[in-house]
Amino acid sequence: KDELNKLWINKDTIGGFADSDYRSSSEISAAQAWYQSFVNGDQNQGNKAFGARVRAVRDF
C-alpha cells in the first residue's frame, strides 16, 4: 500500500501508468486488498475479484 502511494506521488517521473486503478499486494483479508486510483490518488479497499492493474516494485 505504501509503495503504491510512492508510485502515485512519482508517477510523472516514472511514467508508463494508465489512468486506472492499481491493486496493492497489501491484503486486508483473503478476499480484500488495497487499491489506488491513478486518476486522483485515492486509496480504497476492494474485492480482489475486481479487475485492476499491477506494477512490480523492487525497492525504493
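Residue numbers (our numbering): 8 to 67.
We treat Cβ as the ideally placed atom computed from N, Cα and C, and that holds for glycine.
These numbers were taken from a predicted model, which means no experiment stands behind them.
Distance CB(residue i)-CB(residue j) smaller than 7 Å
| i | j | result |
| --- | --- | --- |
| residue 18 | residue 38 | no |
Among the options, nearest to residue i - alpha-carbon criterion
| i | options | result |
| --- | --- | --- |
| residue 58 | 9, 22, 42 and 23 | 42 |
| residue 25 | 10, 48 and 32 | 48 |
Own chain, CB closer than 6 Å to residue i, minus 5 neighbours either side, in chain order
| i | result |
| --- | --- |
| residue 34 | 40 |
| residue 44 | 28 |
Inter-residue CB distance, residue i and residue j (contact presumed, cutoff 8 Å)
| i | j | result |
| --- | --- | --- |
| residue 29 | residue 65 | Not confirmed; about 16 Å, so no contact. |
| residue 50 | residue 8 | 7 Å |
Neighbourhood of residue i by C-beta distance below 8 Å, restricted to the same chain and skipping five residues each side
| i | result |
| --- | --- |
| residue 52 | 35, 39, 40, 41 and 42 |
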